[in-house]
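First residue of the sequence shown: 376, per our numbering; consecutive thereafter.
Note that beta-carbon positions come from the ideal geometry of N, C-alpha and C, so glycine has one too.
Heads up, the thing below is written out as structure tokens.
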Amino acid sequence: AMAEHLASLGAFVVVAGRRPEPLAETVAAIAANGGSAEAVPADVRVPEQVQALVDGVVARHQHLDCLVNNAAGNFIVRAEDLSPNGWNAVINIVLNGTFYCSHAAGRAMIAAGRGGAILNIVASYAWTGGPGTIHSAAAKAGVISLTQTLAVEWGRHNIRTNALCPGVVNTPGAAEKLFPTEEIRGRIARRVPLGRLETPQEVSRAAAFLLSDEASYVNGAVLVADGGMWLEPGLLATAAEVRPRP
């Protein structure tokens with residue numbers, strides 16, 4: 376949805392990932408709506424592949440204006456049950472992959488002298504914590520620190536680096552893993568002050584804002600767009616909900 380939305384706004388989108396089938400589907404969907412895109416198979420865990428990806432984009436399109444780091448790897452596991460391999464699998468995709476992509480793209484942006492925008496996708500449990508997420512939470516916390524550090528270092532090159540923190544997004548993949556039944560879906564939705572799950576389109580619009588000139592003075596920020604879910608209602612809010620009205 377994010378790639379399709381950015382293409383609808385006029386961006387030429389390059390989608391990258393390990394599996395060619397979803398990439399081809401995304402490019403086809405963009406083309407069907409009149410947008411322009413291409414797919415490049417690449418593994419963000421391998422810096423040589425990331426560098427080749429960026430070099431190819433610059434060679435074919437002369438410059439690179441924006442980067443979205445949205446690769447993710449996650450699974451629910453208790454901390455005491457997490458193996459070193461499981462830990463490294465998530466760290467390599469989320470934290471190392473974000474660094475490799477930002478490093479290669481940032482160097483290209485600096486060399487071109489046109490500025491640019493980098494957007495990293497994070498999660499609220501990076502600062503709140505959450506059961507079963509120690510690997511992903513640690514990786515996302517590292518990405519937030521990376522975001523802020525690059526914002527300070529690369530601001531002088533007019534490269535803005537920000538992060539976007541979505542909530543629970545209502546997608547088929549999320550439904551299968553997080554809320555396979557309506558009862559679970561409803562329970563999650565009730566935790567959100569807005570009373571519903573987030574749509575992919577809402578995430579896409581927030582991403583487009585941070586990448587656009589509308590956010591030209593936003594740098595080093597983490598935009599939380601989760602409907603207020605990360606805010607605990609607290610005792611008084613709970614009491615207000617259950618106390619009968621006079």
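Integer-rounded CB distance, given that residue j should sit under 8 Å from residue i
i	j	result
Gly490	Asn533	3 Å
Asn537	Leu442	Going by Cβ atoms, the distance from Asn537 to Leu442 rounds to 11 Å, so no, they are not a contact pair.
Ser520	Asn449	Ser520 to Asn449, Cβ: 19 Å. No contact.
Ala581	Leu539	6 Å
Buried or exposed by the 16-neighbour rule on C-beta atoms within 10 Å, applied to residue i
i	result
Cys476	buried
Ala498	buried
Pro541	buried
Asp430	exposed
Ile451	exposed
Ala434	exposed
Ser579	buried
Gly603	exposed
Thr522	buried
Met377	buried
Which residues DSSP lists as bridging residue i, in chain order
i	result
Leu598	Leu539
Leu442	Ile493
Ser591	For Ser591, which the question treats as bridged, DSSP gives no partner whatsoever.
Val389	Glu413
Exercise. Which runs of the alpha helix (DSSP H) fall wholly inside the segment 455 to 512 and span at least 4 residues, in chain order?
Worked result: 459 to 466, 472 to 487 and 500 to 503
For this session: May I ask you to verify whether the segment 541 to 554 touches the segment 513 to 530, counting CB pairs closer than 8 Å and requiring at least 3?
Result: no
Exercise. Looking at C-beta atoms only, is the number of pairs between the segment 407 to 423 and the segment 378 to 397 that lie closer than 8 Å three or more?
Worked result: yes
For this session: Any chance you could list the alpha helix (DSSP H) runs of at least 4 consecutive residues sitting entirely within the segment 528 to 556, in chain order?
Result: 547 to 553
Exercise. Counting pairs of Cβ atoms below 8 Å between the segment 462 to 478 and the segment 552 to 570, do you hit three or more?
Worked result: no
Exercise. Within the chosen definition, does the segment 422 to 436 reach the segment 477 to 486 through at least 3 CB pairs nearer than 8 Å?
Worked result: yes
For this session: Please go through the segment 394 to 424 and give each complete alpha helix (DSSP H) segment of 4 or more residues, from N-terminal end onward.
Result: 395 to 407
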